[in-house]
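Down below is the structure, laid out as structure tokens.
Chains as they are written, first to last, in the working numbering: chain B, 1 to 102; chain Y, 1 to 273.
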């Protein structure tokens with residue numbers, strides 16, 4: 001029943017996905033905290049504003065995305081349970097961030 | 001980076017082991033000058049084969065769209081995982097008799113008095129380890145910065161040379177048996193990690209259903225969303241938010257591996273096959 005409600009509430013088309021943006025800049029994430037609704041698919045649009053290549057990586061989100069300097073791309077993430085899911089830049093490991101599903 | 005180093009190191013030691021056996025055998029013969037060129041020719045041929053395969057994989061990957069590239073990479077990860085298991089099982093069965101088996105094969109070649117067999121033996125050994133390395137590296141190293149990648153590869157080769165010399169010096173420092181014991185456990189863990197990455201991709205592409213997702217949340221224990229936790233995951237296949245499918249495949253992998261390693265020799269294909 002709950003699952004059915006979630007399905008009804010979920011957007012019908014891919015382009016209506018809840019979308020958040022994330023900028024990567026030579027070892028910095030802006031913002032470092034992304035809030036998304038729990039239980040629905042969502043999209044993260046990622047831009048690499050830095051001068052070096054970056055890799056958005058998150059095992060909890062099951063995503064890996066390499067971005068050349070200046071590149072823009074996106075990942076579509078499966079519905080998450082409420083909680084915090086970390087991500088980091090594999091090419092600049094000091095850069096860490098978190099997706100918060102509510 | 002650590003994975004690249006480890007894989008290059010272990011694969012190179014194996015190739016060196018075979019070359020070393022061939023080399024000592026040839027040098028011990030009175031007509032060794034005749035045979036050595038075949039040995040080095042074989043080594044070169046094997047290296048060329050591995051490099052050619054690497055190029056082919058890279059160019060094939062470049063030419064694809066992003067989702068088919070992910071799928072292609074996933075396929076190679078599964079292949080690499082299978083190769084790891086096959087290699088560990090093969091070494092377990094042949095490691096101890098490898099020298100004797102090769103000498104028998106060599107004696108046969110010499111009987112026919114041509115060096116192509118020596119060439120082929122060396123080429124196969126090098127190409128085998130080399131192409132396994134290439135497949136691994138594509139699976140795990142694709143996202144590394146080129147400089148780091150080269151560094152890890154060169155360091156792995158150098159370490160392999162040192163290890164081989166130490167092992168050859170006899171049981172003084174490290175024994176072959178100990179070397180294979182430790183590295184085979186690490187290799188199998190790496191195989192499991194690679195399998196889990198492949199499963200992640202398949203779940204992400206919705207080729208596999210997650211069924212229950214996530215099954216639990218152990219991020220308070222080890223958080224795989226951080227660089228440190230990611231390292232643990234890269235060497236063991238650990239996941240803080242595993243899907244049921246991932247867990248079942250992970251268990252299945254270890255059941256299969258342990259089953260294969262325990263299989264009595266008698267049920268195997270006769271020796272020499």
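C-beta: ideal position from N, C-alpha, C; glycine also.
Between residue i and the rest of its own chain, which residues show a CB-CB distance below 7 Å, the 5 nearest in sequence each way excluded?
{"i": "residue 69 of chain B", "result": "48, 50, 51, 52, 53"}
{"i": "residue 217 of chain Y", "result": "240, 241"}
{"i": "residue 88 of chain Y", "result": "184, 187, 188"}
{"i": "residue 38 of chain B", "result": "80, 81, 82, 101, 102"}
{"i": "residue 136 of chain Y", "result": "7, 80"}
{"i": "residue 196 of chain Y", "result": "237, 239, 246, 250"}
Just the chain Y side, please: which residues come within less than 8 Å of residue i by C-beta, in chain order?
{"i": "residue 86 of chain B", "result": "219, 223, 224, 225, 226, 229"}
{"i": "residue 70 of chain B", "result": "Chain Y residues near residue 70 of chain B: none, gap ~17 Å exceeds 8 Å."}
Under a Cβ-count criterion, where at least 16 other Cβ atoms within 10 Å of its own Cβ denotes burial, should residue i be classed as buried or exposed?
{"i": "residue 12 of chain Y", "result": "buried"}
{"i": "residue 19 of chain B", "result": "exposed"}
{"i": "residue 121 of chain Y", "result": "buried"}
{"i": "residue 91 of chain B", "result": "buried"}
{"i": "residue 168 of chain Y", "result": "exposed"}
{"i": "residue 60 of chain Y", "result": "exposed"}
{"i": "residue 212 of chain Y", "result": "exposed"}
{"i": "residue 82 of chain B", "result": "exposed"}
{"i": "residue 165 of chain Y", "result": "exposed"}
{"i": "residue 42 of chain Y", "result": "buried"}
{"i": "residue 34 of chain Y", "result": "exposed"}
{"i": "residue 119 of chain Y", "result": "buried"}
{"i": "residue 190 of chain Y", "result": "buried"}
{"i": "residue 163 of chain Y", "result": "buried"}
{"i": "residue 130 of chain Y", "result": "buried"}
If you follow the beta strand (DSSP E) that residue i is in, where does it begin and where does it stop?
{"i": "residue 206 of chain Y", "result": "Run containing residue 206 of chain Y: none; DSSP gives neither H nor E here."}
{"i": "residue 68 of chain B", "result": "From DSSP, residue 68 of chain B is part of no beta strand (DSSP E); its letter is neither H nor E."}
{"i": "residue 55 of chain B", "result": "54–58"}
{"i": "residue 241 of chain Y", "result": "Here residue 241 of chain Y belongs to no beta strand (DSSP E), and DSSP marks it neither H nor E."}
{"i": "residue 22 of chain B", "result": "18–24"}
{"i": "residue 100 of chain B", "result": "92–101"}
Which residues in the same chain have their Cβ closer than 6 Å to the Cβ of residue i, if we skip the five residues on either side of it in sequence?
{"i": "residue 86 of chain B", "result": "98"}
{"i": "residue 10 of chain Y", "result": "183"}
{"i": "residue 78 of chain Y", "result": "198"}
{"i": "residue 23 of chain B", "result": "30, 47, 49"}
{"i": "residue 18 of chain Y", "result": "125"}
Could you check where the alpha helix (DSSP H) with residue i kicks off and where it finishes?
{"i": "residue 80 of chain Y", "result": "66–94"}
{"i": "residue 160 of chain Y", "result": "146–168"}
{"i": "residue 51 of chain Y", "result": "32–62"}
{"i": "residue 258 of chain Y", "result": "244–262"}
{"i": "residue 46 of chain B", "result": "No alpha helix (DSSP H) contains residue 46 of chain B, which is instead part of the beta strand (DSSP E) from 42–48."}
{"i": "residue 235 of chain Y", "result": "227–236"}
{"i": "residue 20 of chain Y", "result": "2–27"}
Of all the CB atoms in chain B, is at least one closer than 7 Å to the CB of residue i?
{"i": "residue 32 of chain Y", "result": "no"}
{"i": "residue 68 of chain Y", "result": "no"}
I'd like to know if residue i contacts chain Y, where contact means its C-beta is closer than 7 Å to some C-beta of that chain.
{"i": "residue 62 of chain B", "result": "yes"}
Residues of chain B with a CB under 7 Å from the CB of residue i: which are they?
{"i": "residue 239 of chain Y", "result": "59"}
Residues of chain B with CB closer than 8 Å to the CB of residue i, please, in chain order.
{"i": "residue 233 of chain Y", "result": "59"}
{"i": "residue 204 of chain Y", "result": "62, 63, 78"}
Within its chain, find whatever has a CB closer than 8 Å to the CB of residue i; leave out the 5 residues flanking it on each side and keep chain order.
{"i": "residue 91 of chain Y", "result": "14, 180, 184"}
By the criterion of Cβ-Cβ separation under 9 Å, what are the contact partners of residue i in chain Y?
{"i": "residue 81 of chain B", "result": "213, 214, 217, 241"}
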